[in-house]
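Visitor: Take any residue in the sequence shown, note its place counting from 1, add 82, and you have its number in my numbering.
Just passing along the structure, written as structure tokens.
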Amino acid sequence: MGEKMVKVGVIGYGYWGPNLVRNFMFNPDTNVVCVCDKSTDRLLKAGELYPTVKLTGDASELISDSSIDAVVIATPVRSHFELSMAALKAGKHVFVEKPITTTSDQALQIIEEADRRQLTLIVDHTFVYTGAVRRMRELIKKPSFGNPSYFDSTRINLGLFQNDVNVLWDLAVHDLSIMSYVFDAKPVAVSATGHNHVEGQPENVAFLTVFFDCNLVAHINVSWLSPVKVRKTLIGGTKQMIVYDDLETSEKLKVYDKGITVSDDPDHIHKLLIGYRTGDLWSPRTNDTEALKIEVSHFVNCINGLEKPITGGEEGLGIVRILEAANSSMHRRGAPIDL
Ligand SMILES: NC(=O)c1ccc[n+]([C@@H]2O[C@H](COP(=O)([O-])OP(=O)(O)OC[C@H]3O[C@@H](n4cnc5c(N)ncnc54)[C@H](O)[C@@H]3O)[C@@H](O)[C@H]2O)c1
């Protein structure tokens, strides 16, 4: 507070853009002054809801508008690099949709440009700003969780087929951003398989395994071709296990005080004895504030030098590196690729 209002221009008013416009419009420290979309229909929709906002079909007009401090980019992934770069070069802070770019080389260029100009760059890894994921991180960091053992996520539905990126780049990016936020472990290799069921189109079903520099392993199953919608993650620790179901309206997290004990009795040296431990099951409270509301405030605080981006360029780059390796692995039928 006390800082000047951040004037925002939003490029892309398709499926996700309206959520961004709404959150930037209602935050007391930000104001949307311009919305840009190539589609006149989409612009008319924006104009109906926000009659005072300037509308344009030309992104360069928005980017060169001297009244704008920050540019929000919610266009398809292939255009993220060009638009982010142009906005940074025009001296604007950038809030770009996930994934940051289509290559790690492009992500590096954007990070460098933002650093050089001391501009804020945030990648919209939305789940990191949800109450459930934040609470999960707290629980995992506690000694009562033990050491992380596995992360097993299913994110499937009869989804919107994208034509510029495969299903890993569209959906697994959420799981990868959650993983990178809740664990300190470093990913070291990946193995992925994927299949397309529409000729000439990107893979619409994929299975990704991520190996870490410790005894943690992650598996992510994503699909646009499932009859049912599932958003469920199991996170195992040596002392507790968490089930995170994002489709639950309340009780998104359940913590199981369950695990195994391995006998080190020398009499049983040739016969490993696994004991099972079953304790309480509880559902921690989670904050249900809309993630984008928290993220927009965080973006403003970063611009004002009060906070450092939680999901900045480096986090975006880390995920693109995993996705690039996953693509290489997929083309070699799951051969492991070092990161
Ligand atoms: N964070 C999330 O949870 C989340 C959810 C959905 C989508 N997304 C991301 O948001 C982005 C957009 O996805 P979407 O589903 O809204 O796509 P969409 O196709 O529904 O909307 C994109 C809009 O951008 C417009 N557009 C494209 N290129 C443009 C350009 N150069 N200048 C001006 N307008 C342009 C299109 O006309 C369209 O209206 C993607 O990066 C996607 O990964 C994020």
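Yeah, the Cβ is synthetic: ideal placement off N, Cα and C, and Gly gets one too.
Run the CB neighbour count on M83, radius 10 Å, all protein chains shown included, and call it buried at 16 or more, exposed below.
Guide: Residue numbering aside, residue 83 sits at position 1 when the sequence shown is read from its first letter. Caution applies to M83, whose pLDDT of 49 falls short of 50 and renders its modelled position unreliable; the model cannot decide the point.
Visitor: What do you get for S166, buried or exposed, if any count of 16 or more other CB atoms within 10 angstroms of its CB means buried?
Guide: Translated into the one-based positions of the sequence shown, residue 166 becomes position 84. Result: buried.
Visitor: Under the three-state reduction of DSSP, which class applies to H279: helix, strand or coil?
Guide: Here the question's residue 279 lines up with position 197 in the sequence shown. DSSP places H279 in coil when its eight states are reduced to three.
Visitor: Does the beta-carbon distance from G228 to D147 come in below 9 Å?
Guide: Locating residue 228 in the sequence shown gives position 146, counting from the first residue. Locating residue 147 in the sequence shown gives position 65, counting from the first residue. Result no, Cβ atoms of G228 and D147 do not sit closer than 9 Å.
Visitor: Could you check what DSSP says for V344 in three-state terms: helix, strand or coil?
Guide: As a first step, residue 344 is located in the sequence shown; it is residue number 262 there, counting from the start. Three-state result, V344: strand.
Visitor: How big is the Cα-Cα spacing for T122 and I93?
Guide: Residue mapping note: residue 122 aligns to position 40 of the sequence shown, counting from 1. Residue mapping note: residue 93 aligns to position 11 of the sequence shown, counting from 1. Taking the straight line joining both Cα atoms gives about 13 Å.
Visitor: Nearer than 8 Å: is that true of the beta carbon of R414 relative to any heavy atom of ligand 1?
Guide: Within the sequence shown, the letter at position 332 stands for residue 414. No.
Visitor: Between the C-alpha atoms of Q283 and L354, what's the straight-line distance to the nearest angstrom?
Guide: For the purposes of this step, residue 283 is taken as residue 201 along the sequence shown, with counting starting at 1. For the purposes of this step, residue 354 is taken as residue 272 along the sequence shown, with counting starting at 1. So the two alpha carbons sit approximately 49 Å from each other.
Visitor: Just checking, does the region 252-265 make contact with the region 204-212 on the three C-beta pairs under 8 Å criterion?
Guide: yes
Visitor: For L131, which of helix, strand or coil comes out of DSSP?
Guide: The residue given as residue 131 occupies position 49 in the sequence shown. In the structure shown, L131 sits in a helix (DSSP, three-state: H, G or I).
Visitor: Here's the rule: buried if 16 or more other CB atoms are within 10 angstroms of the residue's CB, otherwise exposed. What is D119?
Guide: Counting from 1 along the sequence shown, the entry for residue 119 is found at position 37. Per the 10 Å Cβ criterion, buried.
Visitor: Are the CB atoms of R359 and T371 nearer to each other than 9 Å?
Guide: The count along the sequence shown starts at 1 and reaches residue 359 at position 277. The count along the sequence shown starts at 1 and reaches residue 371 at position 289. No, they are not a contact pair.
Visitor: Does the distance between the C-beta of W98 and the nearest non-hydrogen atom of ligand 1 fall short of 8 Å?
Guide: Here residue 98 is taken as the residue at index 16 of the sequence shown, counted from 1. Yes; taking the cut-off as 8 Å, the Cβ of W98 has a heavy atom of ligand 1 nearer than that.
Visitor: Just how far apart, CA to CA, sit R367 and T157?
Guide: The residue labelled residue 367 in the question sits at position 285 within the sequence shown. The residue labelled residue 157 in the question sits at position 75 within the sequence shown. About 34 Å.
Visitor: Using C-beta distances below 8 Å, list every residue in its chain close to A196, excluding the 5 sequence neighbours before and after it, in chain order.
Guide: The count along the sequence shown starts at 1 and reaches residue 196 at position 114. So the qualifying residues of the chain are L170, V176, T202, L203 and G395.
Visitor: Determine the closest residue to N297 out of Y97, A267, L405 and K127, with distance taken between C-alpha atoms.
Guide: Locating residue 297 in the sequence shown gives position 215, counting from the first residue. N297 has its Cα closest to that of A267, out of Y97, A267, L405 and K127.
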